[in-house]
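Asks: First residue of the sequence shown: 1, per the UniProt record's numbering; consecutive thereafter.
A virtual CB, placed ideally from N, CA and C, is assigned to each residue, including glycine.
Before anything else, here's the structure in question.
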Amino acid sequence: MNTNALNPRILQPGDMDPRWRWDRHIPALGHTAVDFERRVDHDRLRRYRLSRAKDALKKSNLGSMLMFDVNNIRYVSGTKIGEWERDKMCRFCLLAGDEEPYVWDFGSAAVHHREYCDWLDPDRMLAGVVGMRGTIPPSFGLMQKYANEIASLIKKAGMADMPVGVDYAETAMFFALKEAGLNVVDGQQVMLSAREIKNIDEIQLLNQAASMVDGVYHAIYEELKPGVRENEIVALSNKLLYEWGSDDVEAINAISGERCNPHPHNFTDRQFRPGDQAFFDILQSYQGYRTCYYRTFNVGFSTPAQNDAYIKAREWIDASIDLIRPGVTTDVVAQAWPKAEEFGFPDELSAFGLQFGHGLGLALHERPIISRAVSLENPMEIQTGMVFALETYCPATDGYSAARIEEEVVVTDKGCEVISLFPAKDLPIANRY
1 MNTNALNPRI LQPGDMDPRW RWDRHIPALG HTAVDFERRV DHDRLRRYRL
51 SRAKDALKKS NLGSMLMFDV NNIRYVSGTK IGEWERDKMC RFCLLAGDEE
101 PYVWDFGSAA VHHREYCDWL DPDRMLAGVV GMRGTIPPSF GLMQKYANEI
151 ASLIKKAGMA DMPVGVDYAE TAMFFALKEA GLNVVDGQQV MLSAREIKNI
201 DEIQLLNQAA SMVDGVYHAI YEELKPGVRE NEIVALSNKL LYEWGSDDVE
251 AINAISGERC NPHPHNFTDR QFRPGDQAFF DILQSYQGYR TCYYRTFNVG
301 FSTPAQNDAY IKAREWIDAS IDLIRPGVTT DVVAQAWPKA EEFGFPDELS
351 AFGLQFGHGL GLALHERPII SRAVSLENPM EIQTGMVFAL ETYCPATDGY
401 SAARIEEEVV VTDKGCEVIS LFPAKDLPIA NRY
């Protein structure tokens, strides 16, 4: 008898199978668990992610991965606490060799994990905190204490002579790890390579997240009229998303009228006026999986200049979508978009993020990154199972309006499937006169 098969924490060879079904429509089923439909399988999801991380570590020149990035911690351990901790660097996770992960969490969260996270070894769910962005000074000794503990665990795993990958950490923590005798190198690239390819459960969660934004855009379409302010649309969107199960509305851009060009990447208390062009970006997550999903509207009516800008933005994004298939490289996609100088910017870095592609997953920006600024000389291959957003931007000839469109795509075995479904082939006119 294979005793490993009896231990649910021991990974099996089949756990890295992404279980894609490209012969079927990508589902966006209900959010609750039911006994009559196979929906997201969270055990399969967690085992797939940990298998991917271990495989990426094994293929690298590293012996261990130490993670402070909460996206990596969630990917490896399946643990998460409130969004307040995202920028605090107060939680950390160790993956040493082929061993099970250790998680040091914020006080009572570790006690919670031992009670509720039965996919983890309870003896490896530990309470711990280091610097919290310097509010606990290094002189207090916590960083050195945990650096020594981590070094001891790495030695116990037989990985002491190999480099330790760290995704990011406080500067003082790097010094403490070095003082503990560890050879610290960049580990974020290893984790990003693990997270590139999504399994069927990740893709379904990304599709469910996108379906929530479909609904928000319909509400915006109905609400967008003179007198309403950008911040009121942001408030409405937040309310709907949290009611529908979002665990983090990371940001909502709401840009209108003369604020459209150049793109400021924010929102204000500006009131919409008749004839305004307005675009929005909704960045939120469902069970950790992110959206980045722009739409442009006009309020009441549109001008020929605004229509022309929208048509160009649509043509550019359609040209890039048509290129997406396994084996195509990101430089080819980037070349489908205009040069910065062709739409009013002095160079590609000044226009960075306007004609753009980026991976989606537990983070807003994952691999691949697609941009004329970086992809032409550093192409990456597009692979089956990647999920990313493609976005375009076109200023209008009136000097202040602009159109912005973004589509989320899943790379299938033969091409791609768009999962951002609010209609955008033609410029939507909200509350048309």
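#1: Quick one: Cα of residue 435 to Cα of T268, how far?
#2: Under three-state DSSP, which class holds F92?
#3: Answer yes if the region 31–45 comes into contact with the region 125–143, meaning at least three C-beta pairs across the two stretches below 8 Å, and no otherwise.
#4: Assuming A305 contacts S420 under a Cβ cut-off of 8 Å, what Cβ separation, rounded to an integer in Å, is found between them?
#5: Is Q189 helix, strand or coil by DSSP?
#6: Answer with buried or exposed for V130, where buried requires no fewer than 16 other C-beta atoms within 10 angstroms of its C-beta.
#7: How big is the Cα-Cα spacing for K145 and H25?
#8: Can you list, in chain order, the residues of its chain with a C-beta nearer than 6 Å to that of I252? Leave out the 5 residues immediately preceding and following it.
#9: Per DSSP, P395 forms a beta bridge with which residues?
#10: Just how far apart, CA to CA, sit M1 and P13?
#11: With DSSP run on the structure shown, which of helix, strand or coil describes F343?
#12: Quick one: grab the DSSP three-state call for A176.
#13: Can you look up Y433 in the DSSP assignment and give me helix, strand or coil?
#14: State buried or exposed for N183, treating a residue as buried only when at least 16 other CB atoms are found within 10 Å of its CB.
#15: Taking F422 and H265 to be in contact with their CB atoms under 8 Å, please state how far apart those CB atoms are, rounded to whole angstroms.
#16: Spatial neighbours of G181 within its chain, please: C-beta separation below 7 Å, excluding the five flanking residues on both sides.
#17: Can you tell which of A33, L45, C416 has its C-alpha closest to the C-alpha of D17?
#18: In the DSSP assignment, the beta strand (DSSP E) including residue 442 goes from what residue to what residue?
#19: Helix, strand or coil: how does DSSP classify M67 here?
#20: For the candidate residues F356, T392, R372, R74, whose alpha-carbon lies nearest to that of E202?
#21: In angstroms, rounded to a whole number, what distance separates the CA positions of Y393 and G353?
#22: Name the DSSP beta bridge partners of Q284, please?
#23: On a CA-only basis, which of V411, L192, F272, D247 is nearest I220? Give me that one, please.
#24: Please specify which runs of the beta strand (DSSP E), each continuous and at least 3 residues long, are wholly inside the region 318–363, giving them in chain order.
#25: In this structure, does DSSP put A127 in helix, strand or coil?
#26: By the 10 Å Cβ neighbour count, where 16 or more other Cβ atoms means buried, how is D105 classified, buried or exposed?
#27: Taking the alpha carbon of A313 as the reference point, which residue from P338, E243, K88 has its own alpha carbon closest?
#28: Which partner residues does V411 have in the DSSP bridge list?
#29: Looking at the C-beta of V130, does it have a partner C-beta in chain C at a distance below 7 Å?
#30: Given a cut-off of 7 Å on the beta-carbon distance, is the pair Y310 and E391 in contact?
#31: Whole angstroms is fine: what's the gap from P428's alpha carbon to V213's?
#32: Between M159 and G78, is the Cβ-Cβ spacing less than 7 Å?
#33: Based on Cα-Cα distance, which residue from R52, H263, V411, V166 lies nearest to R404?
#34: So S285 and E243 are supposed to be a Cβ contact under 8 Å. How far apart are they, rounded?
#35: Which residue marks the beginning of the alpha helix (DSSP H) containing R47, and which one marks its end?
#36: Considering just the uninterrupted stretch of the beta strand (DSSP E) at V164, what are its terminal residues?
Replies: The structure says:
#1: One cannot answer for residue 435 here, as it falls past the ends of the chain, which runs 1 to 433.
#2: Taking the sequence shown and counting its residues from 1, the one referred to as residue 92 is at position 92. Correct three-state label for F92: strand.
#3: no
#4: Counting from one through the sequence shown, the residue named residue 305 turns up at place 305. Counting from one through the sequence shown, the residue named residue 420 turns up at place 420. Not really, about 26 Å apart at Cβ, beyond 8 Å.
#5: Position 189 of the sequence shown, counted from the first residue, corresponds to residue 189. DSSP places Q189 in helix when its eight states are reduced to three.
#6: Sequence index remark: in the sequence shown, residue 130 carries index 130 (1-based). Classification of V130: buried, given that the 10 Å Cβ count is 16 or more.
#7: Walking along the sequence shown from the start, residue 145 turns up at place 145. Walking along the sequence shown from the start, residue 25 turns up at place 25. Those two C-alpha atoms are separated by around 51 Å.
#8: For the purposes of this step, residue 252 is taken as the residue at position 252 of the sequence shown. So the list reads V234, S237, I282, once near-sequence residues are dropped.
#9: Counting from 1 along the sequence shown, the entry for residue 395 is found at position 395. DSSP lists A402 as partners of P395.
#10: Walking along the sequence shown from the start, residue 1 turns up at place 1. Walking along the sequence shown from the start, residue 13 turns up at place 13. Confidence at M1 is low in this model, with a pLDDT of 47, below 50, so its placement is unreliable and the value that follows should be read with caution. Straight-line Cα distance between these residues: approximately 17 Å.
#11: Sequence index remark: in the sequence shown, residue 343 carries index 343 (1-based). Here F343 sits in helix by DSSP.
#12: In the sequence shown, the residue the question calls residue 176 occupies position 176. DSSP places A176 in helix when its eight states are reduced to three.
#13: For the purposes of this step, residue 433 is identified with residue 433 of the sequence shown, where counting begins at 1. Y433: coil per DSSP, three-state reduction.
#14: Along the sequence shown, one-based indexing puts residue 183 at 183. By the 10 Å Cβ count, N183 comes out exposed.
#15: Within the sequence shown, numbered from 1, the residue matching residue 422 stands at position 422. Within the sequence shown, numbered from 1, the residue matching residue 265 stands at position 265. The pair is not a contact, with the Cβ atoms about 21 Å apart (cut-off 8 Å).
#16: Taking the first residue of the sequence shown as position 1, residue 181 is located at position 181. If we look at G181 and ignore the five residues flanking it on each side, its Cβ neighbours are A151.
#17: The residue given as residue 17 occupies position 17 in the sequence shown. Looking at the Cα atoms, L45 is the closest of the given residues.
#18: It is not possible to answer for residue 442, since the shown part of the chain is limited to 1 through 433.
#19: Position 67 of the sequence shown, counting from 1, holds the residue named residue 67. Looking at M67 - three-state DSSP - the assignment turns out to be strand.
#20: For the purposes of this step, residue 202 is taken as residue 202 along the sequence shown, with counting starting at 1. Nearest C-alpha to E202: R74.
#21: Residue 393 sits at position 393 when you count from the first residue of the sequence shown. Residue 353 sits at position 353 when you count from the first residue of the sequence shown. Between Y393 and G353, the C-alpha separation is close to 9 Å.
#22: As a first step, residue 284 is located in the sequence shown; it is residue number 284 there, counting from the start. According to DSSP, Q284 bridges with V249.
#23: Here the question's residue 220 lines up with position 220 in the sequence shown. For I220, the nearest C-alpha among the options comes from F272.
#24: 356–359
#25: Position 127 of the sequence shown holds residue 127. Strand, per DSSP.
#26: Residue 105 sits at position 105 when you count from the first residue of the sequence shown. D105 is buried by the Cβ-count criterion.
#27: For the purposes of this step, residue 313 is taken as the residue at position 313 of the sequence shown. Of P338, E243, K88, the residue nearest in Cα terms is P338.
#28: To locate residue 411, count along the sequence shown from 1; it is residue 411. Beta-bridge pairing links V411 to C416.
#29: Looking at the structure shown, chain C is missing, and only one protein chain is on hand.
#30: Translated into positions along the sequence shown, residue 310 becomes position 310. Translated into positions along the sequence shown, residue 391 becomes position 391. Cβ atoms of Y310 and E391: not closer than 7 Å.
#31: For the purposes of this step, residue 428 is identified with residue 428 of the sequence shown, where counting begins at 1. For the purposes of this step, residue 213 is identified with residue 213 of the sequence shown, where counting begins at 1. Approximately 16 Å, taken between the alpha carbons.
#32: Here residue 159 is taken as the residue at index 159 of the sequence shown, counted from 1. Here residue 78 is taken as the residue at index 78 of the sequence shown, counted from 1. Contact: no.
#33: Reading the sequence shown from its first residue, position 404 is the one you call residue 404. Answer by Cα proximity: H263.
#34: As a working mapping, residue 285 is identified with position 285 in the sequence shown. As a working mapping, residue 243 is identified with position 243 in the sequence shown. The pair is not a contact, with the Cβ atoms about 15 Å apart (cut-off 8 Å).
#35: Taking the sequence shown and counting its residues from 1, one reaches residue 47 at position 47. Taken as a continuous stretch (DSSP letters only), the alpha helix (DSSP H) holding R47 covers 42–59.
#36: In the sequence shown, residue 164 corresponds to position 164, counting from 1. Looking at the DSSP string, the run of the beta strand (DSSP E) that includes V164 is 164–166.
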